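Numbering (the numbering used here), first residue to last: 618 to 911. A short write-up of the structure that comes next.
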């Protein structure tokens, strides 16, 4: 398991140059760092993780970074707001120290913990990419786990999130070998959407229930999430109806397919800034009900 800090290092280097130069300077240090980042293999690995959900993410990210003072009307506004909150030399130096500490985290221990909630012989083979990401505290892609150093210090509660992401990797190890899912993925667009939705509900439901209860219940010490959780609890009946609508559209081969994608995104992405997508909450609660019924 490799721990790659290059993504976070480049972003922090850029932000520091941006502050020292009073903004983006194409022929200055900030311009040089941004150009290097947009050609760096590790940095582009992180960028490519967003391309499916935010088409043209690389170009939009560069545009946003060049002018962090300009509000945006798209999802990049969440990135912009998160970055300007740390836009001072003092804050950037705190993050540089946090990055150094993050490279020393015993990631293998959290991978072993995740395996306790997975079938025997589960293989978790991933590289860990440390990022400065205001949108996703943790993110999984095949063979890769992305962990943002931006949100908060590495408390025990936050470190549990590592097991959450490693559990995803272990669950996908088996789901990618499931022949029925493989058949769906090699079929038409609607079948592929069904495979994606099934995978999402299984992986997020299990990982949130076993490792991220603070995203599902009102627990002491997570007051910053209470407002979001209370709202999701109130919206549970509607969330179930939305999920039913999603499955109904797939079964009916609803067109255009973009409608299905947009409805799924409304469940799987959180634009509120709390980092708790409605689908994460719903699927975790569903797993909890099944777990407690045994």
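By construction, the Cβ of each residue, glycine as well, lies at the ideal position given by its N, Cα and C atoms. Just so it is clear, the structure is predicted and the values come from calculations on it, not from any experiment.
DSSP places residue 618 in the coil class of the three-state scheme, outside both helix and strand.
If the five residues before and after residue 693 are omitted, its C-beta is found closer than 6 Å to the C-beta atoms of 677, 681, all from its own chain and listed in chain order. Shown here, residue 624 sits in a helix according to DSSP, grouped into three states. Rounded to the nearest whole angstrom, the C-alpha separation of residue 751 and residue 619 is 23 Å. Judged by DSSP secondary structure, residue 758 falls within the beta strand (DSSP E) whose first and last residues are 755-758.
Our two residues, residue 670 and residue 658, have alpha carbons roughly 20 Å apart in a direct line. In terms of CA proximity to residue 870, 806 leads the group 856, 893, 806. In this structure, residue 895 sits near residue 856, with a CB-CB distance shorter than 8 Å. For residue 827, the uninterrupted alpha helix (DSSP H) run begins and ends at 806-828, by DSSP. Around the beta-carbon of residue 633, 16 or more other beta-carbon atoms lie within 10 Å, marking it buried.
Here residue 887 carries a coil assignment [DSSP, helix/strand/coil]. Beyond the five residues adjoining it in sequence on each side, residue 654 comes within less than 6 Å, by CB distance, of 627, 660 in the same chain, given in chain order.
For the beta strand (DSSP E) assignment, the region 684-717 encloses no uninterrupted run of at least 3 residues.
For the options 901, 725, 761, the alpha carbon positioned closest to that of residue 885 is the one of 901. Distance check between residue 852 and each of 811, 865, 899, 826 places 899 closest, using alpha-carbon atoms only. In the DSSP assignment, residue 864 falls within the unbroken alpha helix (DSSP H) covering 853-868. Partner residues in the beta bridge of residue 747, as assigned by DSSP, are 764. CA-CA distance, residue 685 to residue 697, rounds to 6 Å. Taking C-beta atoms under 8 Å as the contact rule, residue 780 and residue 731 qualify, at a distance of about 5 Å. Counting only runs of 4+ residues, the alpha helix (DSSP H) found wholly inside the region 652-684 occupies 658-665, 674-683, in chain order. The DSSP-derived three-state label of residue 898 is helix.
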